[in-house]
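J.: Following this message is one structure expressed as structure tokens.
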Amino acid sequence: MAAQRRLGVGFIGSGFIARFHIQAWQAVRDADVLGIYSPDGEGAESAARLARDLRVGEARAYASIADMVRDPAIDCLWLCAPNHARVENMEEIVHALKTTGGSLTGIACEKPLARNVAEAKRMVELIEESGILHAYLEDQLFSPGLVRGHAIAWNRGAAIAGRPYLARAAEEHSGPHTPWFWQGAMQGGGVLNDMMCHSVEVARFLLTAPGAPRDSIRPEKVSAQIASLKWSRPEYADELARRFGPEVDYRRRPSEDFARATIEYRDGAGHRLIAETTTSWSFVGAGLRLSSELLGPEYSMQLSSLDAGGRLFFSRRVTGAEGEDLVEKQNAEQGVMPFVGNEAAEYGYEDENRHFIRCFLDGRQPELGFHAGLEVVELLMTAYMSAEQERTIPWKPEGLDQYVPPVAAGTWKP
Ligand SMILES: NC(=O)c1ccc[n+]([C@@H]2O[C@H](COP(=O)([O-])OP(=O)(O)OC[C@H]3O[C@@H](n4cnc5c(N)ncnc54)[C@H](O)[C@@H]3O)[C@@H](O)[C@H]2O)c1
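Right under this line is the structure:
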């Protein structure tokens, strides 16, 4: 495997995130985007065209997942379909591996690994059965600013003054772009499931010493709260139904648009560590805002994605069309507006894809694999349990494997 020079990559799903990865692929040297499968054939054709236009590979649309697995040109798959298709996609891959004579080197799965713990365990079972290398795609852990801030805080601050004790991570925007995200059953929950997966891992990464294993700090308890602050208001519920169709019914089946969780960890030396995370779909600012902080005894670090680029000013006479050309999930086109130079780099997609391709080329199992993804799902489900029971829950609670949050079950009454 190590002698292999380049890898051919196929994407399952051709939507928002697949296109972001294709954009990011310009910074990956050892692999080419060769295939795209999505049930909407035109989406696959257009993503393949994007890959060819960007010269990241001679990509073409495939008629099925099995066709990609069968093709010797495809060595790896990037799972970028909606959450409700995860297990179905993995089962199809494993079945195709058994029946088509095809083989794969690695599979990378977008966040979250699955909608709940039972499904996440099934994903782990399937990948173990296949014997293939695996990656859990948590882009924010590769964000250049975060990686550098983490390294400097630890190498200068922690080395002299002692390890950090508190990390904060937040992800906020004004709401997702496609209907399935808004439907608890399809997505697995609301903003907690959708975005706190990022913040949980960012806070954990910040509290972990550079180079130390992920499990060098262990969770001890989780306390969380969820709320529907904006989108279940009648006028906004009606707006969602107008934009996304009657299946998105926030008068009857809302999902949370605000979530916060505090996770307490302990390190090997017995230090108590706190991760504070907060996420929301009810933040109307310039656009997507990722913020993080790391606090230690004599130092602190802070980062915001909206401060990562520059600023433009448009007077009231500039009334251009709506777009996301300045920043992801942009909310305005006038006044002082921040912009990000290269979002695919800034949010971590470039370094993420380069890292995992190198692991796969070298035949090396990345630490950030499906088992890490499973633990993130376990933490998120514990957070839902805590919110439901309105109490702090010791890690790891009984009944986690069968737990489905009321938001996902369609029974949540905020
Ligand atoms: N890392 C991040 O920051 C980030 C950002 C956005 C989305 N995501 C994750 O990526 C995944 C996809 O999200 P998105 O925003 O691209 O969604 P999207 O709705 O924009 O695109 C989904 C794509 O999957 C295809 N699809 C639908 N059903 C499918 C099936 N059964 N099998 C295969 N393909 C299918 C659709 O045709 C479409 O091309 C989700 O799991 C989401 O959580 C991650």
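Here this note's numbering is used: position 18 in the sequence shown is 41, and no number is missing along the way.
All C-beta atoms, glycine included, are put in the ideal place defined by N, C-alpha and C.
If you follow the alpha helix (DSSP H) that residue 369 is part of, which residue opens it and which one closes it?
T.: Where residue 369 is concerned, the enclosing alpha helix (DSSP H) stretches over 366-369.
J.: Whole beta strand (DSSP E) runs in the region 197-265 with 3 or more residues, listed along the chain?
T.: Qualifying beta strand (DSSP E) stretches, in chain order: 240-250.
J.: Taking residue 93 as part of the alpha helix (DSSP H), name the residues at either end of that continuous run.
T.: That run of the alpha helix (DSSP H) goes 88-93.
J.: For ligand 1, is there any heavy atom lying closer than 8 Å to the beta carbon of residue 428?
T.: Residue 428: no, Cβ never under 8 Å from ligand 1.
J.: Rounding to the nearest angstrom, what Cα-Cα distance links residue 431 and residue 135 in this structure?
T.: Going by the C-alpha atoms only, they are around 14 Å apart.
J.: Would you kindly work out how many angstroms separate the C-alpha atoms of residue 25 and residue 180, rounded to a whole number?
T.: Its pLDDT being 47, under 50, residue 25 is placed unreliably in this model, and the coordinates cannot settle the point.
J.: By how many angstroms is the C-alpha of residue 93 removed from the C-alpha of residue 200?
T.: Cα to Cα, the separation comes out at about 33 Å.
J.: Answer with buried or exposed for residue 39, where buried requires no fewer than 16 other C-beta atoms within 10 angstroms of its C-beta.
T.: Exposed is the call here.
J.: For residue 228, which residues of its own chain have a beta-carbon under 6 Å away from its beta-carbon, when the five flanking residues on both sides are left out?
T.: Same-chain partners within the cutoff: 164.
J.: Considering only heavy atoms of ligand 1, does any lie closer than 8 Å to the CB of residue 365?
T.: Result no, Cβ not under 8 Å from ligand 1.
J.: Measuring CB atoms only, is the region 412-432 touching the region 122-140, in the sense that at least three cross pairs come out at less than 8 Å?
T.: As far as the Cβ criterion goes, the region 412-432 touches the region 122-140, which means the pair count is three or higher.
J.: So within the region 347-409, which uninterrupted beta strand (DSSP E) runs reach at least 3 residues, ignoring any that extend past its ends?
T.: Within the region 347-409, the complete beta strand (DSSP E) runs of at least 3 residues are 358-362.
J.: Would you check if the region 301-310 and the region 173-188 touch, i.e. whether three or more CB-CB distances between them fall below 8 Å?
T.: Counting Cβ pairs under 8 Å, fewer than three are found: no touch.
J.: Looking at residue 80 and residue 55, is the spacing between their C-beta atoms short of 9 Å?
T.: Yes, these two residues count as a Cβ contact at 9 Å.
J.: Looking at C-alpha atoms only, which residue of 33, 210, 235, 374 is the closest neighbour of residue 106?
T.: Looking at the Cα atoms, 210 is the closest of the given residues.
J.: May I have the straight-line CA-CA distance separating residue 205 from residue 82, to the nearest angstrom?
T.: One C-alpha to the other measures close to 31 Å.
J.: What does a CB cutoff of less than 6 Å around residue 353 pick up in its chain, not counting 5 residues either side in sequence?
T.: So the list reads 310, 347, once near-sequence residues are dropped.
J.: With a threshold of 8 Å, establish whether the CB of residue 116 neighbours any heavy atom of ligand 3.
T.: Absence of ligand 3 from the depicted structure is noted, with ligand 1 being the only ligands included.
J.: Let me know the secondary structure DSSP gives residue 176 once reduced to three states.
T.: Reduced to three states, the DSSP call for residue 176 is helix.
J.: Between 150, 336, 373, 414, which has its C-alpha nearest residue 355's C-alpha?
T.: Closest option to residue 355, Cα to Cα, is 336.
J.: Output yes if chain D places a C-beta closer than 9 Å to the C-beta of residue 94; else output no.
T.: Although the question refers to chain D, the structure presented lacks it and comprises just one protein chain.
J.: Closest by CA to residue 425, which one among 413, 416, 411, 401?
T.: Residue 401 is the option with its Cα nearest to residue 425.
J.: So what does DSSP say about residue 290, is it helix, strand or coil?
T.: Residue state, collapsed to three classes: strand.
J.: Distance, Cα to Cα, residue 300 vs residue 95?
T.: The alpha-carbon atoms of residue 300 and residue 95 are separated by roughly 43 Å.
J.: Can you say whether residue 359 is buried or exposed, counting buried as having 16 or more other CB atoms within 10 angstroms of its CB?
T.: Exposed is the call here.
J.: According to the Cβ coordinates, are residue 341 and residue 287 closer than 9 Å?
T.: Going by C-beta atoms, residue 341 is not nearer than 9 Å to residue 287.
J.: Taking the continuous beta strand (DSSP E) assigned at residue 295, which residues delimit it?
T.: Start and end: 295-303.
J.: Between which two residues does the alpha helix (DSSP H) containing residue 114 stretch?
T.: Segment 109-122, the alpha helix (DSSP H) holding residue 114.
J.: DSSP three-state call for residue 101: helix, strand or coil?
T.: Three-state DSSP puts residue 101 in a strand.
J.: Alpha carbon to alpha carbon, how far is residue 323 from residue 187?
T.: Taking the straight line from one Cα to the other gives about 9 Å.
J.: With DSSP as the reference, identify every bridge partner of residue 331, one or two as the case may be.
T.: Residue 331 pairs with nothing; no bridge assigned.
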